[in-house]
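Contents: one structure, followed by commentary.
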Amino acid sequence: MSIFVNRDTKVIVQGITGSQGRFYALRNRDYGTQVVGGTNPKKAGTDVEGIPVFASVAEARAETGATASMVIVPAPFAKDAVMEAAEAGMELIVVLTEGIPAHDEAWFYNKLAQDHPGSRVLGPNCPGILTAGECNIGFIPAEVATAGGPVGIVSRSGTLTYQALNELTEKGIGVTTCVGIGGDPVPGTSFIDCLEAFQADPDTKAVIMFGEIGGTAEEEAAAFIAGNMDKPVAAYVAGVTAPPGKKMGHAGAIVSGGKGTAQAKMDALREAGVLVAQNPTEAGELMAEAVKNL
Amino acid sequence: MDLFEYQGKQFFARFGIPVSPGDTADAVDDAVAVADRIGYPVVVKAQVQVGGRGKAGGIQLADTSDEVRAHAESILGMDIKGHVVRRLWIERASDIEAEYYASFTLDRSAKRHLGMLSAKGGVDIEQVAEEDPAAIARIHIDPVAGLSEEQTRAWVAEAGLDERATDGAVDILQKLYRAYTEGDADLVEINPLILTPEGKLHALDAKVTLDGNASFRHPEWDELEGLESIDERERLAHEKGLQYVGLDGTVGVIANGAGLAMSTCDVVNQVGGQPANFLDIGGGASAEVMANALEVINTDDKVKAIFINIFGGITKGEDVANGIVTALGRVELRSPIVIRLDGTNAEEGRAILAAHESDTLISKPTMLEAARAAVELAKGA
Chain A
226 MSIFVNRDTK VIVQGITGSQ GRFYALRNRD YGTQVVGGTN PKKAGTDVEG
276 IPVFASVAEA RAETGATASM VIVPAPFAKD AVMEAAEAGM ELIVVLTEGI
326 PAHDEAWFYN KLAQDHPGSR VLGPNCPGIL TAGECNIGFI PAEVATAGGP
376 VGIVSRSGTL TYQALNELTE KGIGVTTCVG IGGDPVPGTS FIDCLEAFQA
426 DPDTKAVIMF GEIGGTAEEE AAAFIAGNMD KPVAAYVAGV TAPPGKKMGH
476 AGAIVSGGKG TAQAKMDALR EAGVLVAQNP TEAGELMAEA VKNL
Chain B
321 MDLFEYQGKQ FFARFGIPVS PGDTADAVDD AVAVADRIGY PVVVKAQVQV
371 GGRGKAGGIQ LADTSDEVRA HAESILGMDI KGHVVRRLWI ERASDIEAEY
421 YASFTLDRSA KRHLGMLSAK GGVDIEQVAE EDPAAIARIH IDPVAGLSEE
471 QTRAWVAEAG LDERATDGAV DILQKLYRAY TEGDADLVEI NPLILTPEGK
521 LHALDAKVTL DGNASFRHPE WDELEGLESI DERERLAHEK GLQYVGLDGT
571 VGVIANGAGL AMSTCDVVNQ VGGQPANFLD IGGGASAEVM ANALEVINTD
621 DKVKAIFINI FGGITKGEDV ANGIVTALGR VELRSPIVIR LDGTNAEEGR
671 AILAAHESDT LISKPTMLEA ARAAVELAKG A
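Same order as they appear, the protein sequences are chains A and B. Counting with this note's numbering, you get residues 226 to 519 for the letters of the first sequence. Counting with this note's numbering, you get residues 321 to 701 for the letters of the second sequence.
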């Protein structure tokens, strides 16, 4: 078991003919992921190392039965790509593209919530999702992961996601699913969405959560954990030594109140019963302890 | 991207939001000429991107050419909290009957836009929010549906502005929302939004932050660059497309991804060192990008050791290694490098580095070991 993706998930790649799209589509396929197609209206009918290229997501879906899409198109085209995937009925839309305007993200988040509630966006600006040993969609270097559980990982930062996998593998601990939710202002999938899914997944027995400064997502996750989770959670929040970030005028300060600092996030998590670490390695150690006591 | 007040006002004017007539001046004579042209009395305002201009003496009223000259002389070159004034905005002075506050920004938690309007403007609005939160009327806006006139009218009524201000406020808020969305701003804020004795509303200040990610659809933004008074190292890094924040320590930090870069600074701190900077080379870092990053760090005299922390997902190990090798040939580095390389194609990357390993290029397998080595080198130097 796992969350969101598994060995049966069929994936298409929007942007497969670009150099990055091609590189990761092939890497993901090499890992065992069912990468069954890609899209590019100008190159429909061709293939990328045997992966057929279709004119549209709807066509790709009809031909292959794919339910997940990996979006790796340039930022100016990301909004249209996400909408095309949602309109074609894709259940999971993993948006790797970085640099998407915040107004586009806010728009398609709400548009999907209203008109395509069956479509989940992961990202944007995220490293993707890995169910170890089964399916990898995106940038996560899956070879550092050990399959078989019992730990689920959710992280806001791409490279810290990989760091978390690495810490567990070094301690001989496996993972079920590792989700990078991305650090953009309007993530399609939140910490809470992932924590809820991990709590419901019988194979996930404990969770590592990596957050970072800014916003209030970690505080909200802490409240969720306190009220809804009985599986152990270890957390690390990056940015303790970061200088106070640029304040977004007065409006930003009012929205976040006293929240948003690494300290405030760690305090909230600690109060929720989370094992809070000072660095990624310590998070791995705390998790190893928790797994031993399961 | 934060705009100066005058840029914000020009931005507002494009969307039909009333602002005072005025112009910029970079020299004393120009300031007098602008004031003579727009008519007295005028306000001479320092253009800096920092709050508290008024208290620092950076905003002055002038009734005559001589007063403008005196104020311009004192304000140009003034240091306001580390920001040197290089430009003035001279505008016609306004009669003020009431001061309001209006803004739009994204509420990340609600995933919707947030409008805030208050009859208690002109002062520190954060203080109002703390002491009298009910004095700020808030509205959440669905980005898909937008902000209707009907919603705006109800919102204005809730804020309790002067009755004469109602129609003007509805009009300005609708335009301000358009400026916020069509203008791709992260923040638009008017404080104060003033009511004149004639019952007219207009923006007396303008705070605008544009979303740099949207620059591809705003060619007009090209003209806005150039006046920012940022740290020389930050400017250099920015030119090279790197995310850099200068700190005060001795360990130069280069990492890929904001989270890992922050974490690297944290770990340096935990093992007893002080990071000299935060530098995120981002995804897809090439040899060129890595070389650029090393060049930027090399300009910092305080740096005694460099800690490169790369966990490759999108960044391939051989690119990182090639970047370092290229940079070593290109820049005469003053400090030893400790590198921790892991992730995608890490083996290939380490093999490239192994051929160049020396006293000044050390490779460590974990983040903590690498941090300790870098801190030791920095202290021993």
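From the three backbone atoms N, C-alpha and C, an ideal C-beta is built for every residue, glycine too. Computed from a prediction, not measured in an experiment: that's the story for all the values here.
Hey, residue i and residue j: beta-carbon distance below 8 Å or not?
i	j	result
B/Q594	B/D568	yes
B/G572	B/D620	yes
B/V645	B/N618	no
A/E443	A/V462	yes
A/M512	A/V376	yes
B/I626	B/S655	yes
B/L496	B/V508	yes
B/V362	B/A413	yes
B/R484	B/G519	yes
B/A613	B/G637	no
B/K329	B/A526	yes
B/H403	B/V364	no
B/I574	B/I628	yes
B/A690	B/K684	yes
A/G374	A/K430	yes
A/P427	A/M226	yes
A/Q388	B/L580	yes
B/V405	B/I395	yes
Spell out whether any CB of chain B is found under 8 Å from the CB atom of residue i.
i	result
A/H328	yes
A/G263	no
A/Q258	Here residue 258 of chain A is Thr; the residue named in the question, Gln, does not match the sequence. Output row for A/T258: interface = no.
A/I325	yes
A/T414	no
A/P505	yes
A/K336	yes
A/V465	yes
A/G358	no
A/G275	no
A/V369	yes
A/Q488	no
A/M473	With a pLDDT of only 48 at A/M473, under 50, the local geometry of the prediction cannot be trusted, and the value read off the model is given with reservation. Closer than 8 Å to some Cβ of chain B, the Cβ of A/M473 qualifies, so yes.
A/M512	no
A/A285	no
A/E437	yes
Excluding five sequence neighbours on each side, which residues of the same chain lie with their C-beta closer than 7 Å to the C-beta of residue i?
i	result
A/A370	L355, A357, L390, T394, V400, C403
A/N268	In the sequence on display, residue 268 of chain A carries Lys and not Asn. Excluding residues within five positions, the ones whose Cβ falls inside 7 Å are T242, V278.
A/G485	I438, G439, G440, T441
Cutting at 6 Å between CB atoms, please list the residues of its own chain near residue i, excluding the five before and the five after it.
i	result
A/P352	G363, F364, I365, G383, T386, G405
A/E359	N231, R232
A/L293	Here residue 293 of chain A turns out to be Ala, not Leu, going by the sequence shown. Around A/A293: T234, V236, L317.
A/M491	V462, V501
With 8 Å set as the bound, which would you pick, yes or no: does the beta-carbon of residue i sit closer than that to a beta-carbon of chain A?
i	result
B/F536	yes
B/V269	In the structure as shown, chain B begins at 321 and stops at 701. Residue 269 of chain B is therefore absent and cannot be evaluated.
B/M582	yes
B/Q471	no
B/R553	no
B/P595	yes
B/K624	no
B/R748	Examination of residue 748 of chain B is not possible in this model, given that chain B is present from 321 through 701 alone.
B/N576	yes
B/S438	no
B/R670	no
Residues in the same chain with beta-carbon distance under 8 Å from residue i, minus the five sequence neighbours each way, listed in chain order, please.
i	result
B/V616	R553, L556, A557, K560, L562, Y564, L599
B/V609	K560, G561, L562, I601, G602, G643
B/V587	M687, L688, A691
B/P512	I416, E419, Y420, Y421, G441, G442, L524, D525
Could you check if residue i belongs to the surroundings of the ligand ZN, using beta carbon to heavy atom distance under 7 Å?
i	result
A/F416	Absence of the ligand ZN is noted for the structure shown, with no ligands found whatsoever.
Exercise. Should the segment 418-435 of chain A be called in touch with the segment 397-409 of chain A, which here means at least 3 C-beta pairs below 8 Å?
Worked result: yes
For this session: Specify whether the segment 386-395 of chain B and the segment 420-428 of chain B touch according to this definition: at least 3 beta carbon pairs, one from each stretch, less than 8 Å apart.
Result: no
Exercise. Along the segment 377-408 of chain A, what residues have a CB closer than 7 Å to any CB found in chain C?
Worked result: Looking at the structure shown, chain C is missing, and the protein chains on hand are A and B.
For this session: Would you list, in sequence order, the uninterrupted alpha helix (DSSP H) runs of no fewer than 4 residues that lie entirely inside the segment 442-505 of chain B?
Result: 445-451, 469-479, 486-502
Problem set entry | Within the segment 527-586 of chain B, ranges of the beta strand (DSSP E) (whole runs, at least 3 residues) | 527-530, 563-566, 571-575
For this session: Decide yes or no for the touch test of the segment 313-320 of chain A against the segment 334-346 of chain A: beta carbon pairs closer than 8 Å, at least 3 of them.
Result: yes
For this session: Would you list, in sequence order, the uninterrupted beta strand (DSSP E) runs of no fewer than 3 residues that lie entirely inside the segment 399-427 of chain B?
Result: 408-412, 418-427
Exercise. Which ranges does the beta strand (DSSP E) cover as unbroken runs of at least 3 residues, wholly within the segment 400-439 of chain A, from first to last along the chain?
Worked result: 431-437
Exercise. Given 8 Å as the limit, is there contact between the segment 343-356 of chain B and the segment 485-505 of chain B, that is, 3 or more CB pairs closer than that?
Worked result: no
Exercise. Taking three-plus beta-carbon pairs below 8 Å as touching, is the segment 440-457 of chain B in contact with the segment 372-386 of chain B?
Worked result: no
Exercise. In chain order, which beta strand (DSSP E) runs of at least 3 residues are fully inside the segment 233-312 of chain A?
Worked result: 235-239, 259-264, 276-279, 293-296
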